[in-house]
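Novice: Mind looking over this structure? Questions follow.
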Amino acid sequence: MRDTIGREITYLRISLTDLCNLRCVYCMPPEGVRKQEHRAILSFEEIEEIARAAVSMGVRKIRLTGGEPLVRRGMLSLCRGLREIPGVEELTLTTNGLLLPEMAEPLKAAGVDRINVSLDTLDPDKYRKITRIGSLDQVLAGIRAARDAGLTPLKLNCVLIGGFNDDEIPALAALTRDEPVEVRFIELMPIGHAVPFGPEAYLPCETVLERLPRLERAGQDGGVAERYRLPGAAGTIGLIRPLSRCFCRQCNRIRLTADGCLKPCLHSREELPLRGLHGEQLRAQLERAILHKPEQHAELSARSRSQAARDMNQIGG
């Protein structure tokens, strides 16, 4: 299905939970979030029903997110159910990687094609600082497990933060030299608990090009990342620029929150409830959401904050 400016909506991101086993500074408050009653979030049956309706309207790719999706008990059964929906061409997942040593192979067996893993630094002390409680060794073990299980091509998401990890741009990019991974530098977004960051934190991805002058253009993969390659490297480097280079006209996604609301745009307050709708009512609400997708979100900068009205862990990123 196409929206009012002709964008074909083919990508549904589904948040399974707003809970997480980390407390990343830009994502959630330091105390974490209060666990909701089970009935407050969508059941797997409800998620699958919504996904089936969305796929019948043209969605071909589904990504599971959180919070941390792997902390949702029984999520492998959901993966199997989503994989069996006729028309689903790709089932992916975004994770912090901590649980991958145990879950990578079961995820592959359940039908997950590939994953993105969050990796903002290669420094153990800085990793603990940005996640508040995390272990770098644990996520690196998870990345190895994902590679060994065949959850590839593997993408590593790095939120670019001035004064925190911009000195690591060369080291992070070097991960692509020998492995066919994509390291994706993502501009820090002024949303929710990104409040503690000052203006200097909001670096444009142009910084990556300045620090890595030998980068060469690589082919596109149909997503929003601008792709580059170090000379002779096995992998690629992606730049995602929600602040410095708006890509709204290429946006093909909608987002389902764990409590059952559909967000046509990450940075908009608008949410349409789907819970309790079935059949043609559900399809009509999905159509309404797609037709309400804004042409472009409001300006984002250190001074102009996102209008999302939720923290990232509540939206699914």
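Adding 4 to a residue's 1-based position in the sequence shown gives its number in our numbering.
Cβ coordinates follow ideal geometry from the N, Cα and C atoms, glycine included.
1) Compute the Euclidean distance between the alpha carbons of residue 43 and residue 253, then round it to the nearest angstrom.
2) To the nearest angstrom, how far is the alpha carbon of residue 225 from that of residue 40?
3) For the stretch 168-182 and the stretch 232-250, state whether three or more C-beta atom pairs, one from each stretch, are separated by less than 8 Å.
4) Comparing C-alpha positions only, which one of 84, 103 and 109 sits nearest to residue 95?
5) Taking its Cβ as the centre, do 16 or more other Cβ atoms sit within 10 Å of residue 2, making it buried, or is it exposed?
6) Got a sec, what are the start and stop residues for the alpha helix (DSSP H) residue 131 sits in?
7) Under the assumption that residue 217 contacts residue 191 (Cβ atoms under 8 Å), give the Cβ distance between them as a whole number of angstroms.
8) Where do the N-terminal and C-terminal ends of the beta strand (DSSP E) with residue 233 fall, by residue?
9) What are the uninterrupted segments assigned as alpha helix (DSSP H) that are 4 or more residues long and contained completely in the stretch 162-194, given in chain order?
10) With DSSP run on the structure shown, which of helix, strand or coil describes residue 147?
11) Looking only at C-alpha atoms, which of 248, 111, 62 and 142 sits nearest to residue 74?
12) Using CA coordinates, which residue listed in 203, 62, 171 and 246 is at the minimum distance from residue 214?
13) If distances are taken between C-alpha atoms only, which option among 137, 160, 11 and 71 comes closest to residue 146?
14) For residue 24, which of 88, 135 and 106 has the nearest alpha-carbon?
Specialist: From the atom records:
1) 36 Å
2) 37 Å
3) yes
4) 84
5) No statement about residue 2 is possible, as the shown extent of the chain runs from 5 to 321 and does not include it.
6) 128-135
7) Not quite, the Cβ-Cβ distance comes to about 20 Å (not below 8 Å), so this is no contact.
8) 230-233
9) 173-177
10) helix
11) 111
12) 171
13) 160
14) 135
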